[in-house]
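Chains as they are written, first to last, in our numbering: chain Y, 2 to 135; chain U, 8 to 366; chain A, 48 to 336.
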Amino acid sequence: MGLGVMGKTVMRNLFGKPATVMYPVVKKEFYPTTRGSILYDESTCNYCTLCAKRCPSQAITVDRAEKVWRIDRKRCLTCNFCISVCNKDSLSCVQEYAAPVVKEFDSWLFQAERIAGEKIEGLEGQEGFSDKDA
Amino acid sequence: MGKRTVVPFGPQHPVLPEPIHLDLVLEDEKVVEAIPSIGFVHRGLEKLVEKRDYQEMAYVSERICGICSFVHGHGYCETLEGLFQVEVPDRAKFLRIMWGELSRMHSHLLWLGLMADAFGFESLFMQAWRLREKILDIFEQTTGGRIIHSVCKVGGLWRDVPEDMLKKIVETLEGMEGELQELANVFLKDYTVQKRTQGLGKMSAEEAFECGAMGPMLRGSGVAMDMRGLGQSGYEHLKFDPVVEQGGDCYARTNVRIREVFQSIDLIKQAIGLMPEGSIENKVKGSPEGECLVRMEQPRGQVIYYAKANGTRHLERFRVRTPTFANIMPLLNMLPGCDLADVPILVLTIDPCISCTER
Amino acid sequence: MSDYLWILFVVLYIVLAPFIGGMIAGIDRKITARMQGRYGPPLLQPFYDVLKLMQKENIVVNKHQKLYVLCSLIFIIVAGAIFFAGGDLLLSIFALALASIFLVIAAYSTYSPYAYLGAERELIQIMAYEPMVILTIVGMYIATGSFSVTDIGAYEGLLVLKLPAMFVGFVYILTIKIRKSPFDISMSHHAHQEIVRGLTTEFSGKELAYIEISHWYENVMLLGLVYLFFASNPILAVLVLVATYFLEILIDNVNSRLKWQSVLFSTWLVAFVLGIANIAVLGFLKYFL
């Protein structure tokens with residue numbers, strides 16, 4: 002029952018810095034390759050509905066006649082399949098993922114500006130909600 | 008002769024990582040019989056092939072399990088490449104090996120942490136997971152996700168890894184070796200840990216082979232069987248021997264897994280050293296047809312993938328036989344005769360990944 | 048001790064011991080967390096926990112559970128009060144044993160398999176540490192000539208110089224009493240284990256709060272017993288207390304949990320070797336020299 006084998010590690014931890022991060026007070030640093038959320042560019046989209054057909058979790062709905070593009074962020078897996086099938090490059094990936102939700106559940110909850118009361122760069126003016134109930 | 012009580016172990020139990028139910032018949036803290044029931048996490052993923060075509064099914068396949076997620080994606084893509092009879096370029100093969108070995112390392116470190124937690128040693132649990140974070144950071148920097156990688160596609164890979172990233176990976180792994188050795192010392196040389204693991208769940212080589220044990224369970228009893236030695240998907244270029252121990256008890260299996268972590272670091276260094284330049288994808292067109300069977304080595308043992316297609320974009324049948332399913336039988340053989348205090352250690356020594364077992 | 052001073056000590060104990068015990072528990076959790084490489088909860092977390100538990104719903108399995116838990120709490124307070132009033136040490140230790148038995152009966156009365164196993168293991172624990180505690184008291188009697196806490200506390204000279212092996216043995220079993228690895232077989236403070244929460248599986252709400260508070264009272268009393276070994280030099284005694292508790296936390300973090308056979312065996316070995324050796328040497332010195 003010696004102290005020696007694990008004792009060194011334990012004492013080093015005691016006098017060193019903790020390994021954990023005080024999230025959400027301290028924000029996590031994302032890497033450039035992190036798959037966070039999907040960013041939609043309305044100007045280049047031609048409403049071909051390919052991304053909606055291909056999405057594995059059926060999170061995207063496109064209305065060709067009305068020219069409306071919607072994504073249900075609760076269903077999106079950020080697998081980036083839609084980005085690879087889009088031939089107009091209107092979709093791209095953003096590193097930050099949606100912050101933890103602090104308000105009551107409401108249908109406009111997942112609009113980009115309203116996530117945790119903060120605006121996320123690049124996601125302003127996005128259609129971020131689905132009118133189908135999950 | 009004591010009174011017999013039946014203690015329900017699971018499906019919700021603080022020491023189990025995944026829900027499995029065992030009805031333990033006890034006689035004064037000694038287990039006499041164990042009756043299992045599984046099926047708490049069945050999600051019907053194999054039936055989903057009827058709704059998702061073969062390219063989207065890759066994303067479903069890697070979500071069968073969180074710990075062994077890369078191997079499931081890799082296995083699915085290899086099976087379909089067998090159906091299309093298309094060969095993946097060499098660079099893609101080596102990158103897949105690198106990610107597969109990183110996956111093995113993180114799975115074994117996770118298991119070491121859970122094992123420490125099962126015998127009440129939380130500081131060791133935290134230390135093992137602290138080391139595992141470095142590997143998860145490597146995953147996030149190269150594939151974009153910590154657990155679900157979404158990087159294998161039918162015909163190759165979605166992403167490439169630049170040269171400086173490869174160098175950084177080798178540096179990180181070499182930096183980890185010192186702390187890994189300290190962790191290994193605690194598991195193998197500490198007195199209280201030895202008292203809890205030595206002599207427990209002993210299985211001879213014949214017994215292990217007969218009841219269908221896989222992976223480190225088998226290699227801990229002295230049988231040298233490793234699917235990476237089959238010489239496919241790029242492993243034929245690497246030099247290694249399967250890690251084998253002769254003890255047959257929980258201590259030997261812990262030793263096998265620790266040595267496999269070090270072996271994986273060596274394999275990754277070899278793979279990065281041999282990595283050729285070139286494309287990472289061989290485009291695949293049309294619809295699959297025929298049948299294909301692929302065997303691979305998951306961190307937990309041998310996994311078999313079978314796919315059958317009939318010329319449409321949807322597969323007809325996709326079946327996965329995971330190693331934990333085969334390892335439940337040795338568990339039921341080891342349980343009678345042990346103390347109740349040993350049950351979590353025995354359940355964890357087979358490395359249960361129940362979400363793989365019931366897709 | 049003068050006639051009315053003991054009333055003051057008893058009242059101080061009953062009022063202050065939960066706060067002192069809670070602070071010790073909070074510091075314990077913080078140091079344990081830092082040893083494991085995390086930040087740890089705020090220092091007052093045990094108080095927040097107990098206050099929240101008081102507000103929770105009580106899902107009672109059996110009407111009599113509450114009575115047994117309350118009896119356990121009351122007898123721990125009585126044991127500590129007798130100790131700090133300067134009374135008879137033997138009576139105080141046996142009252143503590145009675146309180147532990149009440150807790151075991153409370154766990155048995157719930158008919159749950161996990162609580163049943165935890166209660167059995169708690170009985171084995173009691174069987175493991177009682178010999179050492181009784182040998183300690185006998186040793187103190189032989190060294191000072193009295194069972195009363197007042198007389199032992201007023202003894203001139205450091206008691207530990209006459210009872211060194213006894214002190215080592217007592218610290219060994221202190222690990223069991225304050226529920227730390229490698230001996231926390233029945234109800235560990237932070238680890239989850241094969242018998243779910245062991246002894247306290249079926250308690251919730253106010254009862255669990257009472258059990259937590261009774262642990263705080265017990266800890267203060269045990270630390271008082273360790274203090275007795277160094278009673279003539281208060282500053283040294285407090286330093287030794289701090290060092291001993293830190294040593295317990297360190298031992299908790301570098302060991303896994305042993306099985307009950309190992310606990311029973313090793314504790315009896317320590318008790319009989321260290322305890323009886325010390326008493327034999329003391330007795331020899333007193334009666335033949």
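C-beta: ideal position from N, C-alpha, C; glycine also. Remember, predicted model here, so these are calculated numbers, not experimental data.
Asked	Found
Please list, in chain order, the chain A residues whose beta carbon lies closer than 7 angstroms to that of V32/U.	The premise fails here: V32/U is roughly 11 angstroms from chain A at the closest Cβ pair, so nothing lies under 7 angstroms.
Could you work out which residue in P223/U, P306/U, E184/U and V38/U is closest to C75/U when comparing CA atoms only?	P306/U
If the cut is a Cβ gap below 9 angstroms, which residues of chain A does R264/U touch?	Those do not exist, as R264/U stays about 17 angstroms from chain A at its closest Cβ, beyond 9 angstroms.
Going by beta carbon distance, what residues of the same chain come within less than 6 angstroms of S93/Y, once the five residues before and after it are set aside?	L40
Please report the distance separating the alpha-carbon of F66/A from that of D349/U.	38 angstroms
Work out the CA separation of V57/A and Y51/A for me, nearest whole Å.	10 angstroms
Assign H368/U to one of three DSSP states: helix, strand, or coil.	Because chain U in this structure spans residues 8 to 366, residue 368/U falls outside the shown range and cannot be described.
Going by CA-CA distance only, name the one from V78/U, Y61/U and I104/U that's closest to F91/U.	Y61/U
How about G46/U and E267/U: do their beta carbons lie closer than 7 angstroms?	no
Excluding sequence positions up to five away, which residues of its chain have a Cβ less than 7 angstroms from the Cβ of R326/U?	E53 and Y313
How would you list, in chain order, the residues of chain Y whose beta-carbon sits under 9 angstroms from the beta-carbon of N340/U?	Those within 9 angstroms of N340/U in chain Y number zero; the least Cβ separation is about 32 angstroms.
At the 7 angstroms Cβ level, is T34/Y part of the contact set with chain A, yes or no?	no
Does chain U have any CB closer than 7 angstroms to the CB of C80/Y?	yes
Would L311/A count as contacting chain U if we go by Cβ distances under 7 angstroms?	no
Anything in chain Y within Cβ reach of Q277/U, meaning under 9 angstroms, just list it in chain order.	Chain Y residues near Q277/U: none, gap ~25 angstroms exceeds 9 angstroms.
Please confirm if A53/Y has its CB atom under 7 angstroms from at least one CB of chain U.	no
Residues of chain Y with a CB under 7 angstroms from the CB of V301/A: which are they?	L4, M7, G8 and V11
Touch check for the region 304–320 of chain A and the region 193–209 of chain U: three-plus C-beta pairs under 8 angstroms?	yes
Counting only Cβ-Cβ distances shorter than 8 angstroms, please list the residues of the region 212–230 of chain A near chain U, keeping chain order.	S228 and P229
Report the rounded CA-to-CA distance for F318/U versus C56/Y, giving the unit in angstroms.	Residue identity differs from the one stated: residue 318/U is Gly in this sequence, not Phe. Distance between the alpha carbons of G318/U and C56/Y is about 22 angstroms.
Assuming contact is defined by CB atoms lying nearer than 7 angstroms, are P19/Y and R85/A in contact in what I supplied?	yes
Give a yes or no on whether 7 angstroms exceeds the smallest Cβ distance from M82/A to chain Y.	yes
List, in order along the chain, the chain U residues whose C-beta lies closer than 9 angstroms to that of K306/A?	K202, R203, D346, A348 and D349
Within the region 239–287 of chain U, note down every full beta strand (DSSP E) run reaching 3 residues or more, in order along the chain.	none
Using a C-beta to C-beta distance shorter than 8 angstroms, which residues of chain U count as neighbours of R85/A?	M133
For L164/A, which residues in chain U fall below 8 angstroms Cβ to Cβ?	V14, E36 and L347
Determine, using beta carbons only, whether F194/U comes closer than 7 angstroms to chain A.	no
Is the CB of P88/A under 7 angstroms away from at least one CB in chain U?	no
Anything in chain U within Cβ reach of P160/A, meaning under 7 angstroms, just list it in chain order.	T12 and V14
Determine whether the Cβ of S76/U lies closer than 7 angstroms to any Cβ atom of chain Y.	no
In chain order, what residues of the same chain lie with their CB nearer than 6 angstroms to the CB of G68/A, ignoring the 5 residues before and after it?	W263, N266 and V267
Secondary structure at G227/U, three-state DSSP: helix, strand or coil?	coil
I want to see whether chain A comes within less than 7 angstroms of T86/U, judged by CB atoms only; does it?	no
What did DSSP end up calling F31/Y once you bin it into helix, strand or coil?	coil
Assuming L225/U and M234/U make a contact with CB atoms under 8 angstroms, what is their CB distance in whole Å?	Actually they are not in contact, since the Cβ atoms of L225/U and M234/U sit about 11 angstroms apart, beyond 8 angstroms.
Give the interface partners of A20/Y over in chain A, defined as CB-CB distance under 8 angstroms, in chain order.	G84 and R85
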